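*Asks:* Please find one structure pasted underneath; my questions will follow.
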Amino acid sequence: METKNENVYVPAFYANRSIFITGGTGFLGKALIEKLLRSCPDVREIFVLIRPKKGLSVNDRLNKILSNKLFDLLRSRQPSAFDKIVPVTGYVAKENLGLLPSDREMLIDRVSIIFHVAASVRFDEGLKDAIFNNTRSTRDICILASEMKNLVVLLHVSSTYTQTDKLVVDEVLYPSKFDWKKAIEVAERVDEHVLRILTTKYLENMPNTYTFTKRLAEQVISDYSESLPCAIIRPSIVISTTYDPMPGWIDNFNGPVGMLIGGGKGILRVLWSDPNINSDYVPVDVTIKAMILIAWKRGIRKDKITDVCHCSSSLMKCMDVKTIVEIGLDIVKEIPLNNVVWKPRTTITKNYFVYYSLVLILHIIPAMFLDEIMKLFGVQPMLVRLQRKVYVSNRALSYFLLNQWTFRNQNMITMLDNLSAENQKDFGYPYKDVDVVQYFKDGIIGAKLYLLNESMDELEASKRHYNR
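The working numbering numbers the first residue of the sequence shown as 7 and each following residue consecutively.
Okay, here's the thing in structure tokens:
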């Protein structure tokens, strides 16, 4: 990836531009919208693809998103910035993104930057839906982009885990023996039930439909990059913010945050994982800065090179699973969660027989016992159901918890190291100086506040309950 032009001011590049974002209602999408409005305040407008859902209109869903505490800083400093967000009705799983003809023409006329963030991250999703959500949507984004009159960059958000058949993954586009065009054709023509039967054979050595269809999506970008200014970012597992716009913000239980919350509640008492592997996690605010920077660097060039950048912790501070769990258990002694079920303690094993036996002894049997007690007091039993979810989740994630990869991220490191002082202020990341313990402490506090809706004012009561 070229490092020239690093002195071009990032907000100046985005000034007076119209941006189109898919996946704007998700974890990355929300954070991207907030950061663009706050740090690139002169953007003209941000079009956000939103589908009506659960009886809510696109405007209702947008208002719900903007009420998130993530936007509090922007709300207090630049309240008029929200006027630049324009919801566009559509759905990535539908052909042509489900866009109305009038909205499509508006995007073609006005948009010059696309962030294709939308994806289905369900590992157990059927192959048909995964292809529609992750592969066909990317094709349709490229078709739309090819009609845009002023396009300067299309940034596609992929995943480092699209290349799990390689122990060391470089920041390059790898050739694939899979044909994305045939995959879309099969998904459109073959019955869903038949496709489910054929899924295992179709995936071959890929662990799930998510990684398979995201790899296909990269091939779509590769094919269209001859005529479109494209860039790809491959984040690893994205978790809570370091500090921008606030410490510890998160809106899901994915990755180590869910693991630490489960352990802190005393619900996750055994984990099926190799305790010694380095898990690759990256803060969401770092990922968002990288997305904005990669789009900027690609957008100021006129060549046909497709930049690929890993947003991973490879050359930063890495930590094995055992250490993360130990740090988390130490933190929840100091900052316990409310209503702890059991004293937090988590056993990690990579032996499935040991894991399954401990699940029965430490998870299922105690949950059955406590559920019966809850029934006696007229309380709805829920622990057995919850432990089933924990078990299913651990099984789904086991491939990633039992194997290790190296995702080389020299392009990202070079990009950060070469930022001008002016750009460093809003888009830099001091990756050499991160206090990992403080980061996870902020993450647990953030989970208490933003996921569990627990108040820090109740901390003393939580400590008394923890120490009983």
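Positions of the beta carbon are idealized from the N, C-alpha and C atoms, including for glycine. Please read these numbers as outputs of a predicted model, since none were measured by experiment.
Report the start-end ranges of each alpha helix (DSSP H) in the stretch 116-187 that is 4 residues or longer and not cut off at the edges.
*Replies:* List check, alpha helix (DSSP H) in window: 133-136, 143-153.
*Asks:* Inspect the CB distances between the stretch 251-262 and the stretch 191-210 and report whether three or more fall short of 8 Å.
*Replies:* Cβ pair count under 8 Å is below three, so no.
*Asks:* According to DSSP, simplified to helix, strand and coil, what is residue 293?
*Replies:* Residue 293 falls in the helix class under three-state DSSP.
*Asks:* Helix, strand or coil: how does DSSP classify residue 255 here?
*Replies:* Three-state result, residue 255: coil.
*Asks:* For residue 284, write down the residues that DSSP places opposite it in a beta bridge.
*Replies:* DSSP lists 326 as partners of residue 284.
*Asks:* Quick one: Cα of residue 372 to Cα of residue 391, how far?
*Replies:* Rounded to whole angstroms, residue 372 to residue 391 spans 12 Å at the Cα level.
*Asks:* Take residue 79 and list the residues in its own chain whose beta-carbon comes closer than 6 Å to its own, dropping the five residues that flank it on each side.
*Replies:* Cβ neighbours of residue 79 beyond the five flanking positions: 251.
*Asks:* Identify whether residue 406 lies in helix, strand or coil by the three-state DSSP scheme.
*Replies:* It is helical.
*Asks:* Would you list the one or two residues that DSSP bridges to residue 314?
*Replies:* Residue 314 is bridged to 238.
*Asks:* From residue 455 to residue 247, what does the alpha carbon distance come to, in whole angstroms?
*Replies:* The straight-line gap from Cα to Cα measures roughly 13 Å.
*Asks:* Classify residue 383 as helix, strand or coil using the three-state DSSP reduction.
*Replies:* Here residue 383 sits in coil by DSSP.
*Asks:* Going along the chain, which unbroken runs of the alpha helix (DSSP H) with 4 or more residues stay wholly within the stretch 32-102?
*Replies:* Listed in chain order, they are 33-45, 64-72, 78-83.
*Asks:* Which whole-angstrom value is the C-beta distance of residue 334 and residue 266, which I expect to be below 8 Å?
*Replies:* About 4 Å separates the two Cβ atoms, so the contact holds.
*Asks:* Rank 46, 347, 170, 163 by C-alpha distance to the C-alpha of residue 224 and give the top, closest one.
*Replies:* The candidate whose alpha carbon is nearest that of residue 224 is 163.
*Asks:* In terms of alpha-carbon separation, which member of 304, 470, 317, 310 lies closest to residue 288?
*Replies:* Minimum Cα distance to residue 288 is reached at 317.
*Asks:* So, is residue 480 buried or exposed, given that buried needs 16 or more other C-beta atoms within 10 angstroms?
*Replies:* A question about residue 480 goes unanswered here, because the residues of the chain that appear run from 7 up to 474.
*Asks:* Smallest Cα separation from residue 501: which of 263, 458, 161?
*Replies:* The chain is shown only over 7 to 474; residue 501 falls outside these bounds and no answer can be derived.
*Asks:* State yes or no: is the C-beta of residue 236 within less than 9 Å of the C-beta of residue 304?
*Replies:* Yes.
*Asks:* Quick check: the Cα distance between residue 220 and residue 464, rounded to an integer number of angstroms?
*Replies:* Whole-angstrom Cα-Cα distance: 43 Å.
*Asks:* Is the shortest distance between the beta-carbon of residue 110 and the beta-carbons of chain D less than 9 Å?
*Replies:* The structure shown contains no chain D; it is built from a single protein chain.
*Asks:* Terminal residues of the continuous alpha helix (DSSP H) containing residue 263?
*Replies:* Start and end: 261-270.
*Asks:* If the criterion is Cβ atoms closer than 9 Å, does the pair residue 112 and residue 296 meet it?
*Replies:* Their beta carbons are not under 9 Å apart, which means residue 112 does not touch residue 296 by this criterion.
*Asks:* So, is residue 93 buried or exposed, given that buried needs 16 or more other C-beta atoms within 10 angstroms?
*Replies:* Counting Cβ neighbours within 10 Å, residue 93 comes out buried, since at least 16 surround it.
*Asks:* Find the nearest neighbour of residue 413 within the set 56, 315, 108, 404, judged by alpha-carbon distance.
*Replies:* Checked all of 56, 315, 108, 404; the closest Cα to residue 413 is 315.
*Asks:* Is the beta carbon of residue 476 less than 9 Å from the beta carbon of residue 291?
*Replies:* Because the chain is modelled from 7 through 474, residue 476 falls outside the range shown and cannot be assessed.
*Asks:* Inspect the CB distances between the stretch 87-104 and the stretch 277-285 and report whether three or more fall short of 8 Å.
*Replies:* No, they do not touch.
*Asks:* Can you tell me which residues form a DSSP beta bridge with residue 278?
*Replies:* Its beta-bridge partners are 355.
*Asks:* Can the beta-carbon of residue 402 be found closer than 9 Å to that of residue 119?
*Replies:* No; because the gap between Cβ atoms is not below 9 Å, this pair is not in contact.
*Asks:* Can you tell me whether DSSP reads residue 16 as helix, strand or coil?
*Replies:* If DSSP states are grouped into helix, strand and coil, residue 16 belongs with the helices.
*Asks:* Could you give the distance in angstroms between the alpha-carbon of residue 179 and the alpha-carbon of residue 308?
*Replies:* Near 19 Å, if we compare the C-alpha coordinates of residue 308 and residue 179.
*Asks:* Taking the alpha carbon of residue 121 as the reference point, which residue from 134, 136, 143 has its own alpha carbon closest?
*Replies:* Measuring from the Cα of residue 121, the nearest candidate turns out to be 143.
*Asks:* What residues are listed by DSSP as bridge partners for residue 26?
*Replies:* Answer by DSSP bridge pairing, in chain order: 53, 120.
*Asks:* Hey, out of 332, 357, 321, whose CA is closest to residue 526's CA?
*Replies:* Given a span of 7 to 474 for the chain in the structure shown, any question on residue 526 remains unanswerable.
*Asks:* Between residue 331 and residue 352, which are expected to be in contact by the criterion C-beta below 8 Å, what is the C-beta distance as a whole number of angstroms?
*Replies:* Yes, they are in contact, since the Cβ atoms of residue 331 and residue 352 sit about 5 Å apart, within 8 Å.
*Asks:* Rounded to whole angstroms, what's the CA-CA distance from residue 387 to residue 277? Just pull it up for me.
*Replies:* C-alpha separation (whole angstroms): 23 Å.
*Asks:* Assuming residue 64 contacts residue 90 under a Cβ cut-off of 8 Å, what Cβ separation, rounded to an integer in Å, is found between them?
*Replies:* Not a contact, Cβ separation roughly 16 Å.
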